[in-house]
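To convert a position in the sequence shown, counted from 1, into the working numbering, add 183. Glycine included, each C-beta is placed from N, C-alpha and C at the ideal position.
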Amino acid sequence: MMKYTYILLLATVLLGCNSHKQEISFTGMAQGTYYAITYYDEQGRNFQPEIEDFFREFDTSASIYIPHSIISRFNQNDTSALADDIFTYVFNISAKVSEQTDGAFDITTMPLTNAWGFGFTDSTKIAPKLVDSLLQFVNYNNVKLVNRKIVKTNPGIMLDYNAIAQGYSADLIGDILQSKGITDYLVDVGGEVVGHGTKPNGSYWRV
184 MMKYTYILLL ATVLLGCNSH KQEISFTGMA QGTYYAITYY DEQGRNFQPE IEDFFREFDT
244 SASIYIPHSI ISRFNQNDTS ALADDIFTYV FNISAKVSEQ TDGAFDITTM PLTNAWGFGF
304 TDSTKIAPKL VDSLLQFVNY NNVKLVNRKI VKTNPGIMLD YNAIAQGYSA DLIGDILQSK
364 GITDYLVDVG GEVVGHGTKP NGSYWRV
């Protein structure tokens with residue numbers, strides 16, 4: 184009987200602890216898209232200012248929508264641009280995935296992405312001849328990262344990190360929350376979602 188009483192008491196205590204967690208939710212814009220973050224915290228802390236600072240740092244490295252970002256400067260053939268840790272990680276993981284997929288995934292599709300209107304320029308009317316003319320700039324084998332600088336075989340080659348950068352930034356935000364002691368959270372960056380833990384009532388996150 185004492186055993187069952189202890190279990191019931193423990194369950195009551197745990198439920199009571201969870202019930203004191205406050206839901207913190209906020210949204211914003213980053214990387215040319217939206218972000219939405221929800222987490223539960225007993226102290227009710229709002230980390231949006233810190234996460235906004237993180238996004239600014241991340242975008243300064245990897246956003247094609249910011250003219251002065253590191254990736255934009257490389258795309259503009261700025262020889263003074265130097266890769267930081269964020270840029271280097273995304274480049275290396277992109278190169279690895281490109282090799283594993285034999286080029287089905289390719290970070291040098293920016294000229295085609297722009298032509299179709301999904302990049303940082305307005306779309307143009309797509310014709311087979313235009314596509315053929317742009318394909319000369321699309322090949323992940325023709326770009327390397329050497330001593331923190333991008334080396335291209337053709338100056339028309341441009342990088343696009345969007346396929347990986349948003350997911351990576353969501354992972355990093357999860358790391359930020361974990362470092363603050365937050366174990367129950369859902370992070371959505373432009374549809375790239377990272378979740379951990381549960382809601383205070385024990386139910387799972389719904390995406």
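CA-CA distance, Ile365 to Tyr272, rounds to 25 angstroms. Using a Cβ distance threshold of 7 angstroms, Ser244 and Ile253 count as a contacting pair. In this structure, the alpha-carbon of Gly339 lies about 11 angstroms from that of Phe257. For the options Tyr323, Pro294, Gln231 and Ala353, the alpha carbon positioned closest to that of Leu317 is the one of Pro294. Listed as beta-bridge partners of Glu375 by DSSP are Val372. In this chain, the alpha helix (DSSP H) harbouring Phe270 covers Asp268 to Gln283. By DSSP's assignment, Phe209 forms a beta bridge with Ile220. For Ile333, the secondary structure class from DSSP, reduced to helix, strand or coil, is strand. With respect to Phe241, Ser352 sits close: the two C-beta atoms are nearer than 7 angstroms. The DSSP-derived three-state label of Leu342 is coil.
Of all C-beta pairs linking the stretch 324-342 to the stretch 369-388, fewer than three are shorter than 8 angstroms, placing the two stretches out of contact.
In this structure, Gln214 keeps its C-beta atom at 7 angstroms or more from the C-beta atom of Ser263. Residue pairing from DSSP leaves Lys382 without any beta-bridge partner. Along the length of the stretch 225-266, whole alpha helix (DSSP H) runs at least 4 residues long occupy 231-245 and 253-258, reported in chain order.
Around the CB of Gln205, fewer than 16 other CB atoms lie within 10 Å, so the residue is classed as exposed. C-alpha of Leu342 to C-alpha of Gly385: approximately 43 angstroms in a straight line.
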